[in-house]
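S.K.: Mind having a look at this structure? Questions to follow.
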């Protein structure tokens, strides 16, 4: 990577870094390398690539781009976001302790509580917006703090600077899931976070056509540990999916900013809707961490939001089932807008008591705002809410 590209703006690096001209053909888009194995110069002498589990040119291109966009030194691409989080947890040993956020993706909750516990790893969920509570939860056995830059599904915003200081003071690793935030809006490594994870299926890919996960770090020794785990366990991203994520990164900045602008308008409209009990979106002045979000994010507040109906689980499900442009589906971050009910879908893996404890109510609806026009999306939601019978409930 030449110096001009390394010093370029985010949007330029997303297009050029890791996407150098193919020297053999002059192709402006690097070829997809599907080879599973590579010819070596001699017995016992290794070239740059030997076996695709250990490294692949197409995967390396994606990892190079992502490391640049995250402001890190290195990155790794995995077969899914959960595979990436699992790799982080494999840094831990039996008896270690994790402090994680209570506003947490359901798959991460399931991994921590129903897989990691089999290895003797203890987990405590705390409110990541309360640094005092986080520090109070840390014990002599705590090795990892895990948070989300924008919590899922209640859109809470942690103070990354405060949590970095706590992690350093208590000698814990600090990792964050930045799937909702994306490096277009916030780059946690630049704030001192140790590990940044993405479900690349979401905004990085951006088109609902590939599955993947990533980790990015600033410390080379930490990268070496994570690479050893990935190479040993084999949860690598396939070349075609690497190509699709690389292609998605080229438009990430444009997509996320436009989606964020539409999301803000929808949130403002929903907040005034007579049938909506509450709207959770960091761009609203009513959001509890709006001031912190304004300091943390640049160029927008993301394209995810949740709102709560004064309704039961069946009536809320009916709203989700009545939209046309908002597809009823899990996942998020693509050009298509999606709608879902966390209590029965993305966060169904939570124990019922924890759903109630952490505010994942039956009336909660999560939106992923895509690239459709604001007016079309507004009309779609208006029709769904109006036809659901929610107006008659108290």
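Residue numbers (this note's numbering): -15 to 378.
Glycine included, every Cβ here is placed at the ideal spot set by N, Cα and C.
Quick caveat, the model's predicted, so the values are computed rather than measured.
#1: Taking buried to mean at least 16 other C-beta atoms within 10 Å of its own C-beta, is residue 212 buried or exposed?
#2: Span of the beta strand (DSSP E) holding residue 352?
#3: I need the DSSP call for residue 291, collapsed to helix, strand or coil.
#4: Using the beta-carbon count (16 or more within 10 Å), is residue 186 buried or exposed?
#5: Smallest Cα separation from residue 283: which of 253, 243, 271, 16?
#6: In the DSSP assignment, the beta strand (DSSP E) including residue 107 goes from what residue to what residue?
#7: Residue ranges of each beta strand (DSSP E) run of no fewer than 3 residues wholly in the segment 119 to 161, ordered along the chain?
#8: Give me the residue from 358, 245, 165, 319 with the minimum Cα distance to residue 280.
#9: Who are the near neighbours of residue 101 in its chain, counting only those whose CB is closer than 6 Å to its CB and skipping five residues on each side?
#10: What's the gap between the Cα of residue 4 and the Cα of residue 190?
#11: Measure the C-alpha to C-alpha separation of residue 36 and residue 225 and round it to an integer number of angstroms.
#12: State the CB to CB distance for the pair residue 108 and residue 121, rounded to an integer number of angstroms; the pair is presumed to be in contact (CB under 8 Å).
#13: Compute the beta-carbon to beta-carbon distance between residue 362 and residue 250, rounded to the nearest angstrom, for a pair I have assumed lies under 8 Å.
#14: If you follow the alpha helix (DSSP H) that residue 216 is in, where does it begin and where does it stop?
#15: I need the DSSP call for residue 261, collapsed to helix, strand or coil.
#16: Considering only residues of the same chain and omitting the five flanking positions on each side of residue 380, which have a CB-CB separation below 8 Å?
#17: Taking DSSP as the reference, what is the three-state secondary structure of residue 280?
#18: Considering only C-alpha positions, which residue in the set 214, 220, -2 is nearest to residue 20?
#19: From residue 92 to residue 356, what distance separates their C-alpha atoms?
#20: Which complete alpha helix (DSSP H) runs does the segment 1 to 56 hold, if anything under 4 residues is left out?
#21: Which one of 351, 269, 192 has the shortest CA to CA distance from residue 183?
#22: Using 8 Å for Cβ pairs, my map puts residue 289 next to residue 351. What's the rounded Cβ distance?
#23: When you compare each of 9, 274, 141, 159 to residue 127 by their alpha carbons, which one comes out closest?
#24: Taking a contact to mean a Cβ-Cβ separation below 8 Å, would you say residue 331 touches residue 339 in this structure?
M.R.: Here's the rundown:
#1: Burial call: exposed.
#2: Where residue 352 is concerned, the enclosing beta strand (DSSP E) stretches over 348 to 352.
#3: The answer is strand: DSSP assigns residue 291 an E or B state.
#4: By the 10 Å Cβ count, residue 186 comes out buried.
#5: Minimum Cα distance to residue 283 is reached at 243.
#6: For residue 107, the enclosing beta strand (DSSP E) covers residues 106 to 110.
#7: Complete beta strand (DSSP E) runs here, min 3: 126 to 132, 157 to 161.
#8: Looking at the Cα atoms, 165 is the closest of the given residues.
#9: Taken in chain order, the list of residues that qualify is empty.
#10: Roughly 22 Å between the two C-alpha positions.
#11: Straight-line spacing of the CA atoms in residue 36 and residue 225 works out to 14 Å.
#12: About 5 Å separates the two Cβ atoms, so the contact holds.
#13: That pair is a contact at about 6 Å.
#14: Looking at the DSSP string, the run of the alpha helix (DSSP H) that includes residue 216 is 204 to 217.
#15: Note: residue 261 maps to strand in three-state DSSP.
#16: Shown here, the chain extends from -15 to 378; a query on residue 380 therefore has no answer.
#17: In the structure shown, residue 280 adopts helical secondary structure according to DSSP, grouped into three states.
#18: Between residue 20 and the set 214, 220, -2, the nearest pair of CA atoms involves 220.
#19: Rounded to the nearest angstrom, the two C-alpha atoms are 30 Å apart.
#20: List check, alpha helix (DSSP H) in window: 41 to 54.
#21: Closest option to residue 183, Cα to Cα, is 192.
#22: Contact holds; Cβ gap of about 5 Å.
#23: Ranking the options by Cα distance to residue 127, first place goes to 159.
#24: Going by C-beta atoms, residue 331 is nearer than 8 Å to residue 339.
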